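Okay, so here's the structure we're looking at.
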Amino acid sequence: KNQVEQSPQSLIILEGKNCTLQCNYTVSPFSNLRWYKQDTGRGPVSLTIMTFSENTKSNGRYTATLDADTKQSSLHITASQLSDSASYICVVRGQAGTALIFGKGTTLSVSS
Amino acid sequence: DTAVSQTPKYLVTQMGNDKSIKCEQNLGHDTMYWYKQDSKKFLKIMFSYNNKELIINETVPNRFSPKSPDKAHLNLHINSLELGDSAVYFCASSNWTGANEQFFGPGTRLTVL
Chain A
1 KNQVEQSPQS
11 LIILEGKNCT
21 LQCNYTVSPF
31 SNLRWYKQDT
41 GRGPVSLTIM
51 TFSENTKSNG
61 RYTATLDADT
71 KQSSLHITAS
81 QLSDSASYIC
91 VVRGQAGTAL
101 IFGKGTTLSV
111 SS
Chain R
113 DTAVSQTPKY
123 LVTQMGNDKS
133 IKCEQNLGHD
143 TMYWYKQDSK
153 KFLKIMFSYN
163 NKELIINETV
173 PNRFSPKSPD
183 KAHLNLHINS
193 LELGDSAVYF
203 CASSNWTGAN
213 EQFFGPGTRL
223 TVL
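Here the protein sequences line up with chains A and R, keeping their order. Residue numbers in the first sequence follow the working numbering, run continuously in steps of one, and reach 112 at the last position. Residue numbers in the second sequence follow the working numbering, run continuously in steps of one, and reach 225 at the last position.
Spelled out as structure tokens, the structure:
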């Protein structure tokens, strides 16, 4: 069964600290993996999209990595800010023509 | 300019009523989607339309009926609303080919009393 598992479920860190969120998937075949950020009361916004041939992709203080062999991805947030408080959702697309498979998300709270 | 817009933003209604949510995108995408996000924040796809054709129809009660009058619009009509329908409904759009990056609307919070 195609699944996307994220950990931890929730995380609290101090402003300025770094953190890493994990995503494991069993989707096969695999087309691409994306990370979305969802602020409270808003729709998800794409942070990065990676195909199986890409190992890392950055978007400002956000860096996503992908290991297609072990089917793992991580999202690293550097020098966290209060505005990083949100849910981060890992989403995997299987073969072309299939629906996206969403993880349940990690809720990040950044406190001052 | 708003890329993907939904109306209304909030919808409070009684059980048994029929209601509609509208969605419009101005990105020129050929595919639109409806997602349901429950109280545990889990996003689940309901429907997808590509060029006005239904291409994804997950296990959703037939009380939910999507309608796509053109590529830029995908509306969701819900009949005989039930308490369990309370959730946030998100519309999204993308191009089906390529990376298929989806752009989401702001969501419609539906509360059924």
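For glycine and all other residues, C-beta sits at the position ideal for the given N, C-alpha and C. None of the values given here were measured: they were computed from a predicted structure.
Selected residue, minimal CA-CA separation from residue i, among the options
i        : options                               : result
Ser53/A  : Leu108/A, Thr63/A, Phe30/A and Asn2/A : Phe30/A
Ala184/R : Val172/R, Asn169/R and Ala204/R       : Ala204/R
Gln3/A   : Leu100/A, Ser109/A and Leu108/A       : Leu100/A
Lys37/A  : Leu14/A, Ser87/A and Val27/A          : Ser87/A
Asp84/A  : Ile13/A, Gln9/A and Lys1/A            : Ile13/A
Phe216/R : Thr56/A, Thr78/A, Val45/A and Tyr62/A : Val45/A
Arg61/A  : Thr51/A, Leu47/A and Lys1/A           : Leu47/A
Leu139/R : Lys131/R, Leu123/R and Glu213/R       : Glu213/R
Contacting residues, own chain, Cβ-Cβ under 6 Å from residue i (five flanking each side not counted)
i       : result
Ser7/A  : Gln22
Arg93/A : Ser31, Asn32 and Leu100
CB-CB length for residue i against residue j, believed under 8 Å
i        : j        : result
Ser180/R : Met158/R : Their Cβ separation, rounded to whole angstroms, is 13 Å, which puts Ser180/R and Met158/R out of contact at 8 Å.
Phe176/R : Ile190/R : 5 Å
Leu113/A : Leu11/A  : Because chain A spans 1 through 112 in this model, residue 113/A falls outside it and cannot be assessed.
Gln126/R : Leu188/R : Contact doesn't hold; Cβ gap of about 18 Å is too wide.
Asn55/A  : Thr65/A  : 6 Å
Neighbourhood of residue i by C-beta, 8 Å cutoff - its chain only, sequence neighbours within 5 removed
i        : result
Val172/R : Met158 and Phe159
Val91/A  : Val4, Leu33, Arg34, Trp35, Tyr36, Leu100, Ile101, Phe102 and Gly103
C-beta neighbour in chain R for residue i, strict 8 Å
i       : result
Ile12/A : no
Gln44/A : It should be pointed out that residue 44/A corresponds to Pro in this sequence rather than to Gln. So, interface residue.
Ala86/A : no
Lys1/A  : no
Same chain, Cβ closer than 7 Å to residue i, five either side skipped, listed in chain order
i        : result
Gln95/A  : Pro29 and Ser31
Glu136/R : Ser117, Ala184 and His185
Leu195/R : Met127 and Val224
Asn162/R : Asp142, Thr143 and Trp208
CB contact below 8 Å: residue i versus chain A
i        : result
Lys180/R : Looking at the sequence shown, residue 180/R is not Lys but Ser. Taking Cβ atoms only, chain A never reaches closer than 8 Å to Ser180/R, which makes this a no.
Ile168/R : yes
Ile157/R : yes
Lys153/R : yes
Closer than 7 Å: residue i CB and nearest the ligand HEM heavy atom
i       : result
Phe52/A : Inclusion of the ligand HEM in the displayed structure is not the case, the ligand content being empty and no account of it being possible.
Inset, instruction - With 9 Å as the C-beta to C-beta threshold (strictly closer), list the residues of the segment 206-217 of chain R near chain A in chain order. - result: Trp208, Thr209, Ala211, Asn212, Glu213, Gln214, Phe215, Phe216 and Gly217
Legend entry - Residues, ordered as in the chain, of the segment 55-82 of chain A that lie near chain R by beta-carbon distance below 9 Å: none
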